[in-house]
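Contents: one structure, followed by commentary.
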DNA sequence: CTGTCGAATGTGAACGATCACATGCGCCGC
DNA sequence: GCGGCGCATGTGATCGTTCACATTCGACAG
């Protein structure tokens, strides 16, 4: 009782209390099969009594793995990356892994390399790179081999396993929805072209139009920001042939709605607007925004699954899984007036 | 050249190559003063030649510190917590620390305790708890002592050092701005009352009104969501005596603007609206939103500073620093029509 | 000349777990 | 009846660093 020298219990203390060897305690901790039921109970009781917690550092040193996953994240507060990180953390925690995060200010080769370096130094078991930029694709190729790594939202044709939401399919969903409402064609306000997702959404938009035999209007370039959506809106608002606009994300759609409103064009009566992401605010814009939802939790889960398969030796069963997006129809899209 | 067995270099390899003992290498790595200049150079050269990286696990085991900081974060995609996390990561990286993150689904006592447990198990040097909820304050009190810990946005009167943005001052800024424009009084749509920040904003609102000798109208309860702002808007829109509304965050202000618009009340001509947070979208709402900006980077920096002071033995110089917020005036606020 | 001190460096033992291998023992098959 | 196999458990080495203490050597004061 009073002998306790304020020191945390280690495995040998547990062994002594349970009357077994330290190795038996280790076996119990790691669920080794050949431990007698009764012995296991005795050990577990001792563990509880001493409030013993295995030291992760020692574990990592002795064993091969740290049960830590490093995440290289782009230094941004955008909804997508943040949601992906959260989804990954949740999945990892359930699987008994911890998350070590490094945020990058710039997603260039040096930055990514240094971040991965930093993480391997910490003996992470694997790395997830949230790399939505084109520049990241190059950086990812020059990674030190030997570290199990999974890439998110990038370079789906590359050597590394990757997980991503099917942006092309998402964009097609949006465009097909608008065409089905009766619009002759759909305009597009794009994201920045150094983002892979932005390119894929452009591709999906174009594919859907071409598949339907529609004219493909010129693309309006944007950069994810509400401002770019606003400016695009001012550009398009006075054209009577613009009846439907697909914005590359919800923030841009927000700016677009504002510009239309200012120019006296009503949504969806005059112009239908569809966004992408389904940010929490989307349902509360005026009007509530029709958009494409991405399942970031699923992305996180699949990242972890791929990583675990990588740990087990072989490559993952599916090297480049694509998570299907879904369309959320709200009030910002409707039939054109002529229809 | 060909003898290299694909094994990473360890400290003894460096020692051998440099012709010194492993301990001397260790001294060089840790900037111990008593190493001859020439010896230091020789060691550093060997380090570079072998591309040696000290193993963080071994370091953590042998030494006392892991250079890791654990972050307990509430499982949310809200702008504030996400920005705080990012600011903290940046500050930590500059100081040579890494971030270990645990996201909580529920911010109750058991959750916080388990998260901190999980982190101490990983031998983190210290813990930052992003705990904006009242329930967290209780949980934080029952923390195992001995782990240096700093709390964010919570319980500024508690035993643990805390860092937070001065919410009361922020709310006063907003209200004083509206009163200065000539409004008789200011209504408030609150955040959820189990959030400390929400309570502080209510306090600031009330203080500012009382200080100015204004009538304090009943508070409208909300929950951060755009929906709650929208509903509050429908409630207030048909009251002619409502000319100025201070919303507890920007999302609520967004919903408020939509409701006003639907009810045919214009902002700011009929009703002025002010938000809180300055989310990236705020500048692009219709109209652009006047709001209170919080400096989350500064919060991150101060958290780290407090933690480092805690490591050095003594408590931090300032136990409960409050980061001042600032008012960002945009188009959603203006003088009342009568003025 | 000698004793003491501090700077520079080395030696071996931690740190707290796992791994590789050894041991004892009951059971089965020939 | 006995060799061998598999289960349950124990023993010592090992992971890669830092810590505690020992050693060497030159400088300097008494």
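Residue numbers (the UniProt record's numbering), protein chains in the order written: chain Y, 1 to 339; chain W, 1 to 339. Beta carbons are placed, not taken as given, at the ideal position from N, Cα and C, and that holds for glycine.
For residue i, which of helix, strand or coil comes out of DSSP?
i                      : result
residue 258 of chain W : helix
residue 228 of chain W : helix
residue 331 of chain W : coil
residue 272 of chain Y : strand
residue 175 of chain Y : helix
residue 26 of chain Y  : helix
residue 98 of chain Y  : strand
residue 220 of chain W : strand
residue 318 of chain W : coil
residue 240 of chain W : coil
residue 7 of chain Y   : coil
residue 385 of chain W : Nothing about residue 385 of chain W can be reported from this structure: the residues present for chain W run from 1 to 339 only.
residue 267 of chain W : coil
residue 52 of chain W  : coil
residue 312 of chain Y : coil
residue 337 of chain Y : coil
residue 81 of chain Y  : helix
residue 304 of chain Y : helix
residue 212 of chain W : coil
residue 207 of chain W : helix
residue 285 of chain Y : coil
residue 158 of chain Y : coil
residue 252 of chain W : helix
residue 63 of chain W  : coil
residue 181 of chain W : coil
Sort out for me which residues DSSP pairs residue i with in a bridge.
i                      : result
residue 128 of chain W : W:71 and W:150
residue 247 of chain W : W:189
residue 16 of chain W  : Paired residue(s): none; residue 16 of chain W is not in a bridge.
residue 293 of chain W : W:277 and W:326
residue 133 of chain W : W:195
residue 104 of chain Y : Y:74
residue 345 of chain W : With chain W running from 1 to 339 in the structure shown, residue 345 of chain W is simply not present.
residue 163 of chain W : W:152
Rounded C-beta distance between residue i and residue j? I'm assuming under 8 Å.
i                      : j                      : result
residue 322 of chain W : residue 200 of chain W : Not quite, the Cβ-Cβ distance comes to about 10 Å (not below 8 Å), so this is no contact.
residue 352 of chain Y : residue 140 of chain Y : An answer regarding residue 352 of chain Y cannot be provided, because it is not within the stretch 1 to 339 covered by chain Y.
residue 148 of chain W : residue 125 of chain W : 7 Å
residue 324 of chain Y : residue 169 of chain Y : 6 Å
residue 80 of chain W  : residue 252 of chain W : Not really, about 13 Å apart at Cβ, beyond 8 Å.
residue 220 of chain W : residue 196 of chain W : With a Cβ gap of about 19 Å, residue 220 of chain W and residue 196 of chain W do not count as contacting.
residue 43 of chain W  : residue 14 of chain W  : 7 Å
residue 82 of chain W  : residue 107 of chain W : Going by Cβ atoms, the distance from residue 82 of chain W to residue 107 of chain W rounds to 15 Å, so no, they are not a contact pair.
Buried or exposed, going by whether 16 or more other CB atoms sit within 10 Å of the CB of residue i?
i                      : result
residue 55 of chain Y  : buried
residue 281 of chain W : buried
residue 8 of chain Y   : exposed
residue 299 of chain W : buried
residue 338 of chain W : exposed
residue 25 of chain Y  : buried
residue 19 of chain W  : exposed
residue 41 of chain W  : exposed
residue 174 of chain W : buried
residue 159 of chain Y : exposed
residue 23 of chain W  : exposed
residue 2 of chain W   : Model confidence at residue 2 of chain W stands at a pLDDT of 38, short of 50, so the residue's coordinates are unreliable; what they give is reported in the following sentence. Classification of residue 2 of chain W: exposed, given that the 10 Å Cβ count is below 16.
residue 244 of chain W : buried
residue 63 of chain W  : exposed
residue 212 of chain W : exposed
residue 110 of chain W : exposed
residue 123 of chain Y : buried
residue 318 of chain Y : exposed
residue 275 of chain W : buried
residue 329 of chain Y : exposed
residue 286 of chain W : buried
**Q.** At least three beta-carbon pairs within less than 8 Å, the stretch 54-73 of chain Y to the stretch 89-103 of chain Y
**A.** yes
**Q.** the stretch 326-339 of chain Y touching the stretch 288-303 of chain Y, judged by at least three CB pairs closer than 8 Å
**A.** yes
Q) Would you say the stretch 132-144 of chain W touches the stretch 172-184 of chain W, given that touching needs at least three Cβ pairs under 8 Å? A) no
(Q) With three or more C-beta pairs closer than 8 Å as the rule, is the stretch 225-232 of chain W touching the stretch 252-265 of chain W? (A) yes
Q.
For the structure I just gave you, are there three or more beta carbon pairs, one from the stretch 298-314 of chain Y and one from the stretch 18-36 of chain W, closer than 8 Å?
A. no
Q) With a cut-off of 8 Å, do at least 3 Cβ pairs link the stretch 233-250 of chain Y to the stretch 185-202 of chain Y? A) yes
Q: Say whether the stretch 300-310 of chain Y touches the stretch 77-92 of chain Y, bearing in mind that this needs 3 or more beta-carbon pairs closer than 8 Å, one atom from each stretch.
A: yes
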